[in-house]
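Asks:
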Amino acid sequence: MMFYLLSSTISCIRILKTGGFLQQLFRNGLSVSAYWLVIWLVTLTECLVFAGIYTASHTVQCPGVFSAAGMASIFGFFLLYCLYLAAFALLLELLLPSFILVVSSTMAVSIVCIAAFSNRKFLESTGTVMLHLFPILFSAEFISGKFSLDEERLWTGKRHSKVNPSRLSQILVANLIGFFVLMLLKFYLDFLVRTGNGFCLSLSYPVRASFWRPQVATSAAIEDTKSNDAKKSEPNIEPVIGLSSIVEAKEVSKTYSSGCCSGRMKWLVLKQLSCTIYRGQITALIGHNGAGKSTLIKILTGEELPDEGTAHIGGCLVTNSLLRLSLRGRISTCPQFDALCDSL
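full-length UniProt numbering puts the first residue of the sequence shown at 1, with every later residue one more than the last.
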C-alpha cells in the first residue's frame with residue numbers, strides 16, 4: 001500500500017512541485033481546494049480498491065465463516081487504515097525537502113507498523129496514551145478482534161470472552177480522529193510552509209476574514225505615494241503625463257543569507273528599489289546578472305516577500321500575503337526555465 005502511494009500520488013506531487021510548477025499554477029488561478037479535491041478523490045479510489053481486495057480475499061478463503069456485518073466493518077476499518085497512511089505520507093511530502101527522505105520515512109513507519117502488529121501484548125500494556133498518539137499501530141488488534149468475534153459466534157454462538165468490544169470501538173474512534181487531525185494539519189501547513197502551495201501565509205491565516213473572502217485593497221497609502229512622488233520628481237527621469245499606474249514598488253529591499261551561526265553570510269539583492277509600471281505600456285527591466293530583476297518579479301508575483309518596502313498591483317498590496325490572494329488568476333509570469341523539462 002505505502003509503496004504504491006509513494007510511486008503514484010506522492011511522486012506525482014513532488015514532480016509537479018519541482019521547479020515551482022505547481023506553486024506557479026496556484027498563483028495563476030488554480031484553486032487549491034480543487035487541487036486537493038482531485039488528489040483525495042484519486043487517493044480514495046485507490047484506498048477503496050485496496051480495501052475491497054483485502055476484504056474479498058478473506059471472504060473467498062473462508063466462505064461462510066465471517067458474517068456480512070463483520071466483513072463490512074473490516075472493509076470500513078481497512079479503508080480508514082489506508083486513508084490514514086495516505087494522509088501521513090502526504091504530510092511527510094509537505095514537510096520533508098527531499099523525496100528520498102519521504103520514501104525513507106514512510107518505509108520506516110511501515111516497518112514500525114509491522115513490528116507493532118507482532119507485539120500486540122506490548123501495545124496493550126501501554127494503555128490509552130499510545131493509542132491516542134499512534135492509533136494506526138493498533139489496526140491489527142481491531143481486525144483480529146473482529147475476526148475472532150465472528151469465529152466464536154459461528155462455532156459456539158457466543159461472544160469471544162477475550163475480545164472487548166469497547167476496546168475495538170476505542171481503536172476505531174482513535175484512528176478516525178487521527179485521520180482528520182492529519183488532514184487538517186496538512187491543509188493548514190500547506191498555506192504556511194514554502195514547500196506547500198507557495199503562498200506562505202501567516203500563522204493566524206485561518207481566522208482572518210481576508211483569507212476566506214479575499215478582496216482587492218485600495219489602500220490610501222497609494223494616494224500618499226503618488227502625492228509624494230509628484231512633489232519629489234527625479235531630475236534624471238522624464239515625468240509621465242496622462243498615464244495611470246498599474247504596478248508600483250516603493251523602496252523595496254531584499255537580502256538573502258546562507259550558512260549558519262558565525263559563518264552566516266548575507267548579500268543584498270535589492271536596495272531601496274522604487275519603480276512604476278503604467279497601464280497599456282510594455283516595460284523592460286534591464287540589468288546585469290545578479291542585479292535583482294528576477295527577485296523583483298518574484299516579489300511582485302508573491303513568490304517572495306521583501307524585507308522592507310511595499311508593492312501594489314492594481315491597488316492590491318502584494319507585499320501582504322493575505323491581500324495578494326485576490327490577485328490569483330489575474331497576473332502570471334513566464335519563468336526563465338521550463339519547470340517540467342530541464343532541457344528547455
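Yeah, the Cβ is synthetic: ideal placement off N, Cα and C, and Gly gets one too.
Suppose only complete runs of 3+ residues qualify. What are the beta strand (DSSP E) ranges in the UniProt domain "ABC transporter" (270–340), listed by chain order?
Replies: Qualifying beta strand (DSSP E) stretches, in chain order: 308–313.
Asks: Would you mind giving the Cβ-Cβ distance between CYS47 and LEU79, rounded to the nearest angstrom? I have them listed as a contact below 8 Å.
Replies: The residue labelled residue 47 in the question sits at position 47 within the sequence shown. The residue labelled residue 79 in the question sits at position 79 within the sequence shown. Sure, about 6 Å apart at Cβ, within 8 Å.
Asks: For the beta strand (DSSP E) containing THR106, list its first residue and its last residue.
Replies: In the sequence shown, residue 106 corresponds to position 106, counting from 1. It is not in any beta strand (DSSP E) - THR106 instead sits in the alpha helix (DSSP H) that spans 99–117.
Asks: Beta-carbon separation of ASN170 and LEU131 under 8 Å?
Replies: Looking up residue 170 in the sequence shown gives position 170. Looking up residue 131 in the sequence shown gives position 131. As written in the sequence, residue 170 is Gln, which differs from the Asn given in the question. For GLN170 and LEU131, yes; Cβs fall inside 8 Å.
Asks: From what residue to what residue does the alpha helix (DSSP H) around THR45 run?
Replies: Against the sequence shown, residue 45 aligns to sequence position 45. Its alpha helix (DSSP H) spans residues 32–61.
Asks: Given a cut-off of 8 Å on the beta-carbon distance, is the pair TYR84 and ILE136 in contact?
Replies: The residue you call residue 84 lines up with position 84 of the sequence shown. The residue you call residue 136 lines up with position 136 of the sequence shown. Against a cut-off of 8 Å, the Cβ pair of ILE136 and TYR84 comes out as a contact.
Asks: Hey, would you say GLY292 sits closer than 8 Å to VAL318, going by beta carbons?
Replies: What you label residue 292 is simply residue 292 of the sequence shown in a count that begins at 1. What you label residue 318 is simply residue 318 of the sequence shown in a count that begins at 1. No, the pair does not count as a contact, with Cβ atoms beyond the cut-off.
Asks: Can you find the residues in the same chain that come closer than 7 Å, C-beta to C-beta, to LEU185, ignoring five residues on each side of it along the sequence?
Replies: Working through the sequence shown from its first residue, we reach residue 185 at position 185. Excluding residues within five positions, the ones whose Cβ falls inside 7 Å are LEU91.
Asks: In three-state DSSP terms, what is LEU16?
Replies: The residue you call residue 16 lines up with position 16 of the sequence shown. In this structure, LEU16 counts as helix in the three-state DSSP scheme.
Asks: Using CA coordinates, which residue listed in ALA311, CYS12, GLY309 and TRP267 is at the minimum distance from LYS99?
Replies: Here residue 99 is taken as the residue at index 99 of the sequence shown, counted from 1. The residue you asked about is not Lys; residue 99 is Phe in the sequence shown. The shortest Cα separation from PHE99 among ALA311, CYS12, GLY309 and TRP267 belongs to CYS12.
Asks: Please determine, among GLY302, GLN336 and GLY309, the residue with the shortest C-alpha to C-alpha distance to ARG330.
Replies: In the sequence shown, the residue the question calls residue 330 occupies position 330. The shortest C-alpha separation from ARG330 is found at GLY302.
Asks: Applying the criterion that 16 or more other CB atoms from any shown protein chain within 10 Å of the CB defines a buried residue, is LYS271 buried or exposed?
Replies: The residue given as residue 271 occupies position 271 in the sequence shown. When all chains shown are included, LYS271 counts as exposed.
Asks: Is the CB-CB distance between GLY309 and SER253 below 8 Å?
Replies: Within the sequence shown, numbered from 1, the residue matching residue 309 stands at position 309. Within the sequence shown, numbered from 1, the residue matching residue 253 stands at position 253. The answer is yes: Cβ separation under 8 Å.
Asks: Among the residues of its own chain, which have a CB less than 6 Å from the CB of THR255, if the five just before and after it don't count?
Replies: For the purposes of this step, residue 255 is identified with residue 255 of the sequence shown, where counting begins at 1. Closer than 6 Å at the Cβ level, and outside the excluded window around THR255, lie LYS266, LEU268 and ASP307.
Asks: Does the beta-carbon of SER245 have 16 or more other beta-carbons within 10 angstroms, so that it is buried, or is it exposed?
Replies: Taking the first residue of the sequence shown as 1, we reach residue 245 at position 245. Under this definition SER245 is a buried residue.
Asks: Looking at SER294: is its Cβ nearer than 8 Å to the Cβ of GLN336?
Replies: On the sequence shown, position 294 is the one that residue 294 refers to. On the sequence shown, position 336 is the one that residue 336 refers to. Cβ distance < 8 Å, so SER294 and GLN336 count as in contact.
Asks: Can you tell me which of the three DSSP states LEU201 falls into?
Replies: Within the sequence shown, the letter at position 201 stands for residue 201. Note: LEU201 maps to coil in three-state DSSP.
Asks: What do you reckon, is the C-beta of SER31 under 7 Å from a heavy atom of the ligand FAD?
Replies: Absent from the structure shown: the ligand FAD. Ligands present: none.
Asks: Can you tell me the Cα-Cα spacing of LEU192 and CYS113, whole angstroms?
Replies: Against the sequence shown, residue 192 aligns to sequence position 192. Against the sequence shown, residue 113 aligns to sequence position 113. So the two alpha carbons sit approximately 30 Å from each other.
Asks: In whole angstroms, give me the CA-to-CA distance for GLU141 and GLY29.
Replies: As a position in the sequence shown, residue 141 is number 141, starting the count at 1. As a position in the sequence shown, residue 29 is number 29, starting the count at 1. The straight-line gap from Cα to Cα measures roughly 46 Å.
Asks: What's the gap between the Cα of PHE3 and the Cα of LEU243?
Replies: Along the sequence shown, one-based indexing puts residue 3 at 3. Along the sequence shown, one-based indexing puts residue 243 at 243. C-alpha separation (whole angstroms): 58 Å.
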